[in-house]
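Here the structure comes first, spelled out in C-alpha cells, and everything after it is commentary.
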Amino acid sequence: MADPKIRRALLSVSDKTGLLAFAKSLAERGIEIVSTGGTASALKAAGLNVIDVSELTGFPEMMDGRVKTLHPRVHGGLLGMRGNAEHEKSARDHGILPIDLLVVNLYPFEATVAKGASYEDCVENIDVGGPAMIRAAAKNHDSVAVIVETEDYARLLTELSENDGATSLSFRKALAAKAFARSAAYDAAISNWFAGVLETPAPEWRAFGGKLAQSLRYGENAHQSAVLYISDRGRAGVATSRQLQGKELSYNNINDTDAAFELVSEFDANVPAVAIIKHSNPCGVAIGGSIVDAYLKALASDSVSAFGGIVALNQAIDKSAAEEITKIFTEVVIAPDATDEAKTIFAAKKNLRLLLTGGLAESRAAGLLVKSVAGGFLVQTRDNKNSDDLDLRVVTKRAPSPSELSDLKFAFKVAKHVKSNAIVYAKGGATVGVGAGQMSRVDSARIAAWKAAEAAKAQGLDAPLTIGSVVASDAFFPFADGLITAADAGVTAVIQPGGSMRDDEVIKAADERGLAMVFTGVRHFRH
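The numbering of the sequence shown is this note's numbering, which starts it at 82 and goes up by one.
Here you go:
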C-alpha cells in the first residue's frame, strides 16, 4: 500500500508553543483541521478554518471538557484500518471520517505536581482522552501519524515536503514508539504520585519514566552505551542543570557530579560549602567564611586526589573561587550560579565543564532511588535524613564541646555520601581524612588516618591533621578496634549510629581514652 497522504488532522494540545505556525503550514497543504476546546479557539482566532470536534461527533464538549474526544467518530477515525473492507464499510455506515494525523500533548500533570498544587488540581490535570487517542493513533501507525511533542512539528513538515504530502512507514513507526513511551511515562508519573499520596512504599505495580536529555559517548566503560533521562524537573541537580561550557559530559562525569552536588546540598545555603569528588567519593569537603575559603579548606584535605575531580559549591561562584579552582585540572564545576567574572575565568579552560543549577537539591525531600538487579530492580526511598535534625544521644562520660559537636554533625553529613564502610575525620568544618568502600571498618579508619598524614606532609605540617579532630562512622562500630584506631590517630570525639551488640565495649573504650561519643540512631550505608 502506498504511503498515506495526510488529509485530515486532529489537534488538541495543552502546550501551544509553535501551534499557530504549524497549523498554518498544515492548512496551506490543504489539510482539514479538527480541534478541541482552547486549541480550536486559538486557531480560529488566528483566522484558520477549524472543524470543532463537537461537529465531528455530534455531541457537545461536556462535564468541564472531561468528555469531548471519547467518541466512536474520533476513535473510529484513528483506529479504522485503511484498505480493510469491513472497517471501511463500518466507517461509511456510521459517518466516520478517517483521521490521518493526531497532534496531542497531554495535560501538564507533572508540572502541576512539581509546583506543589493541591490534590484536586493534580487530579484535574490527569489527561484521559489524550492518552486514549495517542494509543489509538500509535496502534494504527500503519496509516496514522501521531505527534506528542512540539519538537516534532518541524520533522513532520519536512516529511510531508519530501513525500508529496505523505509520511513514510518508518517515520510513523518512530512517532508511534515515542507516543507509547510518552503515554507510559505519563502514567508512571501519575501512579507514583498516587503512591506518595497514599503513603504506599511498595505498590503492587511500579513504573518509571523519563525524557531523553542526552545521549552519552559511552557508559562507565568504552564498550558500554549510555544515555541520560530526566524524570523530575522539580528538584535542582545535574540532570536539569545548564551547561555553560566544556566538552560533553560522560556517564562517569554525571555520576560523580551528582554525588558532589547532593553532598553540598546537605549544607545550609547561607554557609559556604564545597565538595571535591573523585570516583563518587569525597576527597575533600569543607565549610568556610567564604566560598573560596571553603574551597581551599576542601582542597587541603587531599590535594593529590582532587586533581581531575569534580567541584561542587552551594553558593554562586565568584572571581576569587574561580581563580583558585582553575589552578589545577578540574573535570566539572557545578554550582547554583556564577558571576560574570567567574564565567570569564572558566571560559579560558576550554575542557572544563561548568554547570549551573539555579538552586540546591533539597536534601530533606522525599524521593525514590532505583537500582537494577538481574531480573528486576530495587527501589528505595531517598536517604533524606540530615544530621542537623537528629536527636543525638551522648553515651560517654564526657559530652562533646560545642566546637566538637559542630564538627561531629559536619562529619556525619559527609559520611552519608561516602561509600560504605565509611570513616570521616574532620576538624574546623573541613574533612582531614576520608576512608571509603572498605570491607572492614577498621581498614577505613586506618586509610583515612593515612590520608590525613599524607595531607599534613603535603602542607609541610609536623603532625597529622587527625590530631584534635572528630570522627564519623556511617554505621556502628562492630568492635572497639575501629574506634581505637581513630583514638590512636588523635580524635577527641566520635559520632556513630550505635546499635551494635558490642556498644558497651565500644563506649568503654571511648571512656578509657577520654573521648566524647554520641549516637545518632540513624545509619547512612551507601553502596
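Cβ atoms here follow ideal geometry from the backbone N, Cα and C, with glycine treated the same way. Here the structure is a predicted model, which means the values were calculated and not measured.
If we call anything under 8 Å between Cβ atoms a contact, is Pro559 one with Arg583?
yes
Out of Leu182, Lys500 and Glu329, point me to the one whose CA is closest to Met520's CA.
Lys500
Distance between Ala235 and Ile180 (C-alpha atoms, nearest Å):
20 Å
Hey, would you say Gly571 sits closer than 8 Å to Phe600, going by beta carbons?
no
Would you mind reading off the limits of the alpha helix (DSSP H) that contains Glu347?
Here Glu347 belongs to no alpha helix (DSSP H), and DSSP marks it neither H nor E.
Can you tell me the Cα-Cα spacing of His304 and Asn336, whole angstroms?
17 Å
For Leu344, which option in Val523, Asp268, Gly161 and Ala442 has the closest C-alpha, if you only look at C-alpha atoms?
Ala442
If you drop the 5 nearest sequence neighbours on each side, which residues of the same chain put their C-beta closer than 8 Å to that of Ile426?
Lys400, Ala403, Glu404 and Thr407
Gln367 vs Ala574 beta-carbon contact at 8 Å
Residue 367 is actually Ala in this sequence, not Gln. No, Cβ-Cβ distance for Ala367 and Ala574 is not below 8 Å.
What's the gap between the Cα of Lys149 and the Cα of Met143?
7 Å
Note down, in chain order, each residue of its chain lying with its Cβ closer than 7 Å to the Cβ of Leu309, except the 5 sequence neighbours on either side.
Ala294, Gln295, Leu297, Ala320 and Ile335
8 Å CB neighbourhood of Ala288 in its chain, flanking five on each side removed
Ala265, Asp268, Ala269, Ser272 and Asn273
Flag this pair as touching only if the region 244-262 and the region 193-200 have three or more C-beta atom pairs under 8 Å; answer yes or no.
no
Between which residues of its own chain and Leu178 is the CB-CB distance below 8 Å, once the five residues before and five after are set aside?
Arg89, Leu137, Arg154, Gly158 and Ala172
Just how far apart, CA to CA, sit Ala260 and Ile215?
6 Å
Give the secondary structure of Asn333 by DSSP, where H, G and I count as helix, E and B as strand, and everything else as coil.
helix
Alpha helix (DSSP H) runs wholly inside the region 502-551, at least 4 long, in chain order
522-539
Assuming the contact rule is C-beta atoms closer than 8 Å, Ile391 and Ser322 should be a hit. Round their C-beta distance to whole Å, please.
Wrong, their Cβ atoms sit about 13 Å apart, outside the cutoff.
Find out if the Cβ-Cβ distance for the pair Val229, Val194 is shorter than 8 Å.
no
Please list, in chain order, all residues of the same chain as Ile207 whose beta carbon is under 8 Å from its beta carbon, the five residues on each side excluded.
Tyr188, Phe190 and Ile271
What residues in its chain sit with their C-beta under 6 Å from that of Arg263, if we drop five residues either side in the sequence?
Val229
Which two residues bound the contiguous alpha helix (DSSP H) that contains Leu256?
Leu250 to Val278
Inside the region 360-424 only - beta strand (DSSP E) runs reaching at least 3 residues:
362-368, 390-394 and 411-416
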